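J.:
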Amino acid sequence: MHKIELGSTGIILEKNGFGCLPIQRITKEEAARLLRKAYDGGMNFFDTARAYSDSEEKVGYAFDGMRDKVVLATKTGASTAEGLRKDLETSLRTLKTDYIDLYQFHNPAFCPKPGGEDGLYDAALEAKKQGKIRHIGITNHRLAVAQEAIDSGLYATLQFPYSYLSGVQEQKLLDGCREKKMGFIAMKGMAGGLIRDGFAAAAWMELQEGVVPIWGVQHEWELDQFLACVRQGAVLTEERKATIEHDRKELTGEFCRGCGYCMPCPAGIEINQCARMSLMLRRAPAADWLTPQWQEKMHRIEKCMHCNHCKVKCPYGLDTPSLLQENYEDYWKVLAEAK
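Per the working numbering, residue 3 is the first one in the sequence shown, and the count goes up by one each step.
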């Protein structure tokens, strides 16, 4: 196993963490079984959020009675101090704990700071003094906000999308965290499903100093491959290097990462999937995406109002209406060829 310190917090983690967003899609008992299996397999860092419906509740249920054996991180999307305090009390209750190891601001559009009119950072500091949280972190999808958080020196950790498809801008953030001795938590290590080889992704992450990837797990087979990396280590073999280079060549330029921050769409379009449908058709079993249910979702693109709300909200600056149209045309072409 590969143990590292989370920034300069003094918290020691297994390098591979468990991302708890997907467990909201499975039953309480199924989630608990996966979480306990992850712990038994060597994982000790579990990242969830107040916004992930019943994810916190499932984590609390799974680790009830063994709080001292796991490191728990959660997030608040509150916009006021009162909202933060309410979220925190709810999280403490659902997680069945009296403290949270890492409490993170969940993708704010700005960088909370002491003395701000929103009162968020001051409320978090108050909770820290009360012993309800140990460390304050921030998550984001916006490069400018992430950089401001690093420069501020106020945060123990930054959580940001990072995978072997990331570019120089993300690398700059990581370098900044290293200089400031901030922890760097990598979300979307599989690039939102575009990376298909978990062993290649984990082997690459193994070499990224100071990075803690949180692998989003819903199925046991997904967990098994990451636990294999925990037990045996993940070696970046020539075959895996070739996979990475192939993916980088195919997935350079403008493509939808599937983060979902363009949502909701006024026309009901599932933008974070439909805008990258062409890639998913070619990188996953196509039949999974050619079902009547997905055909109906792709038809919704016809109702696009070109309001550009999604374009404005895209943290990567993508022209999402154009991407939707391109993927719409390609989808029906692939479907016709499959018949």
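Cβ atoms here follow ideal geometry from the backbone N, Cα and C, with glycine treated the same way. Bear in mind that the values here come from a model prediction, so they are computed numbers and not experimental data.
1. Pair every Cβ in the stretch 65-84 with every Cβ in the stretch 43-52, then say whether three or more of these pairs are closer than 8 Å.
2. Below 6 Å CB to CB, which residues in the same chain sit around D332 once its five sequence neighbours on both sides are set aside?
3. Quick one: give me the first and last residue of the beta strand (DSSP E) that A75 is part of.
4. DSSP three-state label for M207, please.
5. When you compare the CB positions of A34 and F20, do they come within less than 9 Å of one another, or not?
6. Beta-carbon within less than 7 Å of C22's beta-carbon, same chain only, minus the 5 sequence neighbours each way: which residues are those?
7. Is DSSP giving M68 helix, strand or coil here?
8. I'd like the list of long-range same chain contacts for H4, defined as Cβ closer than 6 Å, with 5 residues on each side in sequence excluded.
9. What's the call for E31, buried or exposed, on a 16-neighbour Cβ count within 10 Å?
10. On the DSSP bridge list, what partners appear for A146?
11. Could you round the C-beta distance between A269 and T322 to whole angstroms and report it? I think they count as a contact, below 8 Å.
12. With DSSP as the reference, label P116 as helix, strand or coil.
13. Do you know offhand how far A146's Cα is from K115's?
14. Determine the DSSP secondary structure at R35, reduced to helix, strand or coil.
15. Helix, strand or coil for Q227, going by three-state DSSP, please let me know.
16. Can you tell me which of the three DSSP states A286 falls into?
17. Between which residues of its own chain and A148 is the CB-CB distance below 7 Å, once the five residues before and five after are set aside?
18. Please name the residue, chosen from I187, Q227, I197, that lies closest to I216 on a Cα-to-Cα basis.
T.: Let me lay it out:
1. yes
2. Translated into positions along the sequence shown, residue 332 becomes position 330. For D332, where only same-chain residues beyond five positions count, the Cβ hits under 6 Å are S280.
3. Looking up residue 75 in the sequence shown gives position 73. 73-78 is the span of the beta strand (DSSP E), which, as asked, contains A75.
4. As a first step, residue 207 is located in the sequence shown; it is residue number 205 there, counting from the start. Here M207 sits in helix by DSSP.
5. As a first step, residue 34 is located in the sequence shown; it is residue number 32 there, counting from the start. As a first step, residue 20 is located in the sequence shown; it is residue number 18 there, counting from the start. Going by C-beta atoms, A34 is not nearer than 9 Å to F20.
6. Residue mapping note: residue 22 aligns to position 20 of the sequence shown, counting from 1. Hits under 7 Å: F48, D49, T50, Y54, S57, V61.
7. Translated into the one-based positions of the sequence shown, residue 68 becomes position 66. M68 falls in the coil class under three-state DSSP.
8. Looking up residue 4 in the sequence shown gives position 2. Once the five neighbours on either side are set aside, the close Cβ partners of H4 are K17.
9. As a working note, residue 31 is residue 29 in the sequence shown. With fewer than 16 other Cβ atoms within 10 Å, it is exposed.
10. Taking the first residue of the sequence shown as position 1, residue 146 is located at position 144. According to DSSP, which records beta bridges pairwise, A146 is partnered with nothing at all.
11. Numbered from its first residue, the sequence shown carries residue 269 at position 267. Numbered from its first residue, the sequence shown carries residue 322 at position 320. Not really, about 12 Å apart at Cβ, beyond 8 Å.
12. The count along the sequence shown starts at 1 and reaches residue 116 at position 114. The answer is coil: DSSP assigns P116 none of H, G, I, E or B.
13. Taking the first residue of the sequence shown as position 1, residue 146 is located at position 144. Taking the first residue of the sequence shown as position 1, residue 115 is located at position 113. Each residue's Cα considered, the two are about 15 Å apart.
14. Taking the sequence shown and counting its residues from 1, the one referred to as residue 35 is at position 33. Reduced to three states, the DSSP call for R35 is helix.
15. The residue given as residue 227 occupies position 225 in the sequence shown. Three-state result, Q227: helix.
16. The count along the sequence shown starts at 1 and reaches residue 286 at position 284. Reduced to three states, the DSSP call for A286 is coil.
17. The residue you call residue 148 lines up with position 146 of the sequence shown. The answer, listed in chain order, is N142, L160, F162, L175.
18. The residue given as residue 216 occupies position 214 in the sequence shown. For the residues I187, Q227, I197, the minimum Cα distance to I216 belongs to I187.
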